[in-house]
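Read left to right, the sequence shown gives residues 4 to 237 (this note's numbering).
One structure below.
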Amino acid sequence: MPELIPLYSIKIICCNCEHEFSTSRVRPSLKKAIRRDADFCSYYKNENPDYYVVRVCPSCGFASTENSADKLADWQRKSFSDQVGKRWISRDFGEKRDWEAALETYKLALICAQSIKDKDRIIASLLHHIAWMYRYKGDTAQEQRFLRYSLDMYVKVFENDGIGGNDARLMYLIGELYRRISDFGNAVKWFSRLINDQKIMDAAMIRAAREQWAILREQMQGDGVSPDGLPSTT
Ligand SMILES: [Zn+2]
């Protein structure tokens, strides 16, 4: 049997210039992750579907994801054009992407989202994806830098959106990102907030928070910090 080609192509209408272009996707049957980190960064045997999340219009350079708006408002078009579009040199990201190309699409999506003042939740997620890209490469300094940016944005989302639909996941993620940047005090605060909130019914997220809190306790003991966040006296 011939081996299945992992990528297929779909057509997108650009939400900025309305140009139609192709972008690649990984076949759903090949999307199964072989491993996943506690902050949902996933690893794949073959092609990484995360490399294909961003769709880049070759004509105007506008980069978006499935979660972006269908159409931009006039002020957003102008803002994008002033900040990004007028410097765009036509490039096509529609075919297979390597790590460098995938990272470039995420950075482009980030500056596009910032130029049109997209939702904080979308910007937080792009920053988090950029951190994962550096994690895949083992570049810890850049990974930590982007984890901090995304964490700040997730906290902002939580503070502005208040208690809403997907809060348990957001609270868990904030706790886990604090743990990953070694801010153990804040990690404990967010995990315990999630576990002790009587209104939260998301059993999977509560379990995940308990598991990561246990790992955190071990980390803190290893670092000479007691489990309740105070410096060890021994
Ligand atoms: Zn376009």
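Every residue gets a Cβ at the ideal spot worked out from N, C-alpha and C, and that includes glycine.
Item: Whole-angstrom C-beta distance between Leu-113 and Leu-130, which should lie under 8 Å; Value: 7 Å
Item: Start-to-end residues for the beta strand (DSSP E) that takes in Lys-120; Value: No beta strand (DSSP E) holds Lys-120; DSSP gives it neither H nor E.
Item: Residues with C-beta closer than 5 Å to any heavy atom of ligand 1, in chain order; Value: Cys-17, Asn-19, Cys-20, His-22, Cys-60, Ser-62, Cys-63, Phe-65
Item: Which of helix, strand or coil DSSP assigns to Ala-76; Value: coil
Item: Sequence-distant residues of its chain with Cβ nearer than 6 Å to Asp-155 (five each side left out); Value: none
Item: Leu-7 burial status per 10 Å Cβ neighbour count (16 or more: buried); Value: exposed
Item: Alpha-carbon to alpha-carbon, Tyr-11 and Ile-153; Value: The residue you asked about is not Ile; residue 153 is Ser in the sequence shown. Using only the alpha carbons, I get a separation of about 30 Å.
Item: Contiguous alpha helix (DSSP H) assignments of at least 4 residues, all confined to the region 79-118; Value: 102-118
Item: Thr-143 burial status per 10 Å Cβ neighbour count (16 or more: buried); Value: exposed
Item: Among Arg-80, Arg-28, Asp-170, nearest to Ala-206 - alpha-carbon criterion; Value: Asp-170
Item: Complete alpha helix (DSSP H) runs within the region 171-227 (minimum length 4 residues, chain order); Value: 187-199, 206-225
Item: Sufficient close CB pairs (3 or more, under 8 Å) joining the region 15-32 to the region 56-73; Value: yes
Item: Residue(s) in a DSSP beta bridge with Ser-25; Value: Lys-14
Item: CB-CB length for Leu-219 against Arg-183, believed under 8 Å; Value: Between Arg-183 and Leu-219 the Cβ distance is about 10 Å, and since that is not below 8 Å, they are no contact.
Item: Cα-Cα separation, Trp-78 to Phe-194; Value: 40 Å
Item: Nonlocal neighbours in the same chain, by C-beta distance under 7 Å from Ser-82, ignoring five residues either side; Value: Ser-118, Ile-119
Item: Bridge partner(s) assigned by DSSP for Tyr-2; Value: A query on residue 2 cannot be resolved here, the shown segment of the chain reaching from 4 to 237 and no further.
Item: Own chain partners of Tyr-47 with C-beta closer than 7 Å, once the 5 adjacent residues on each side are dropped; Value: Ala-36, Ile-37
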